[in-house]
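If you read the sequence shown in the UniProt record's numbering, its first letter stands for residue 1, the second for the next number, and so on.
Using N, Cα and C, we set each Cβ at its ideal position, and we do this for glycine too.
Every value quoted in this text rests on a predicted model; they were computed, and no experiment measured them.
Reading through the structure tokens given below for one structure.
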Amino acid sequence: MARLLSQQEDFMNQPSMLDTLIKKAGHECVFLPKFHCELNPIEMYWGWCKYRYREVPRKTFEDAKHCAEEQLNACPTEVIRRFINRSWPFMSVYQLGLTGKAAEWAVQKQKQHHQVSQRAMMSIEPVLG
């Protein structure tokens, strides 16, 4: 019954409690698809911090806590900007309706030519095959 109700137009257009709470506080909330870390710069930041954390030797739990805090604060702003800039091409090709290997191919083409031409998009069929 809950599934049936959740698919009704009245319920689908209703913002979630979390969305309402965030907007009431004067912020904007963007929900990203699950399992698409290429769209989420925070995942790249988290990966960067974990990599750096593993490189530092730790002997005690206190050392580990201190090291974790240090690594979370150590990421330079320029690196964070790169993570954000790395997400934009994926967002644009997903908006075009590409997924999986086709999206990866289009992002690579876009990286080489700064945009994906219409002709390149037409030649995507061999990539998918």
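Residue range of the alpha helix (DSSP H) that Phe-11 falls in?
Where Phe-11 is concerned, the enclosing alpha helix (DSSP H) stretches over 9–12.
How big is the Cα-Cα spacing for Met-1 and Tyr-51?
Approximately 45 Å, taken between the alpha carbons.
How close, in whole Å, do the beta carbons of Pro-89 and Gln-112 come, if the pair is a contact with beta carbons under 8 Å?
Actually they are not in contact, since the Cβ atoms of Pro-89 and Gln-112 sit about 11 Å apart, beyond 8 Å.
Quick check on Ser-16: buried or exposed, where buried means 16 or more other Cβ atoms within 10 Å of its Cβ?
Answer is exposed; the Cβ neighbour count stays below 16.
Out of Cys-29, His-36, Met-12, point me to the one whose CA is closest to Thr-99's CA.
Closest by alpha carbon: His-36.
Give the single residue among Phe-61, Ala-68, Val-30, Glu-62 whose Cα lies nearest to the Cα of Tyr-53.
Cα-wise, what sits closest to Tyr-53 is Ala-68.
Would you mind reading off the limits of the alpha helix (DSSP H) that contains Lys-59?
Here Lys-59 belongs to no alpha helix (DSSP H), and DSSP marks it neither H nor E.
Phe-83 and Pro-41 look like a contact to me (Cβ under 8 Å); what is the Cβ gap, rounded to whole Å?
About 4 Å separates the two Cβ atoms, so the contact holds.
So the alpha helix (DSSP H) Ser-87 belongs to, where does it begin and stop?
Here the alpha helix (DSSP H) through Ser-87 covers 77–95.
If you reduce the DSSP assignment to three classes, tell me which class Asn-40 lands in.
In this structure, Asn-40 counts as coil in the three-state DSSP scheme.
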